[in-house]
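S.K.:
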Amino acid sequence: MKRARKSCPVCESGVRVLDYKDERTLQRFTTDRGKILPRRLSGMCARHQRQLSTAIKRARLIALLPYIRSDSG
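Per the working numbering, the sequence shown runs over residues 313 to 385.
1. Give me the Cα-Cα distance between residue 381 and residue 354, rounded to the nearest whole angstrom.
2. Mark residue 379 as exposed unless 16 or more other C-beta atoms lie within 10 angstroms of its C-beta, in which case mark it buried.
3. Output the distance between the C-alpha atoms of residue 351 and residue 335, rounded to the nearest integer angstrom.
4. Since residue 342 sits in a beta bridge, which residues does DSSP pair it with?
5. Taking 8 Å as the threshold (C-beta atoms), are residue 368 and residue 338 in contact?
6. Would residue 330 and residue 377 qualify as a contact pair, given that the criterion is a beta-carbon distance under 8 Å?
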């Protein structure tokens, strides 16, 4: 059985380009440990998944997002 295809959340919202300065949007597509969610879990189209990974990497470089989040215990 095949599951219904997810639609891209970025295409639905009408955003043309993902911005690395928008931390809230980028955090939505990372795991609790700081890893980038794969396309099959996030539901992104290929174009926006590439933009997302580039934006997250740029945000990490200028310290807007952490590379990894450590356990607090």
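Even glycine gets a Cβ: it sits at the ideal position worked out from N, Cα and C.
All values derive from a computational prediction rather than experimental measurement.
M.R.: Taking the definition as stated:
1. The residue given as residue 381 occupies position 69 in the sequence shown. The residue given as residue 354 occupies position 42 in the sequence shown. For residue 381 and residue 354, the distance between alpha carbons rounds to 20 Å.
2. On the sequence shown, position 67 is the one that residue 379 refers to. Residue 379 is exposed by the Cβ-count criterion.
3. Reading the sequence shown from its first residue, position 39 is the one you call residue 351. Reading the sequence shown from its first residue, position 23 is the one you call residue 335. Taking the Cα positions, residue 351 is about 19 Å away from residue 335.
4. One-based indexing of the sequence shown puts residue 342 at position 30. Note: residue 342 sits in a beta bridge opposite 348.
5. Counting from 1 along the sequence shown, the entry for residue 338 is found at position 26. Counting from 1 along the sequence shown, the entry for residue 368 is found at position 56. Contact flag set, yes.
6. Residue 330 sits at position 18 when you count from the first residue of the sequence shown. Residue 377 sits at position 65 when you count from the first residue of the sequence shown. Against a cut-off of 8 Å, the Cβ pair of residue 377 and residue 330 comes out as no contact.
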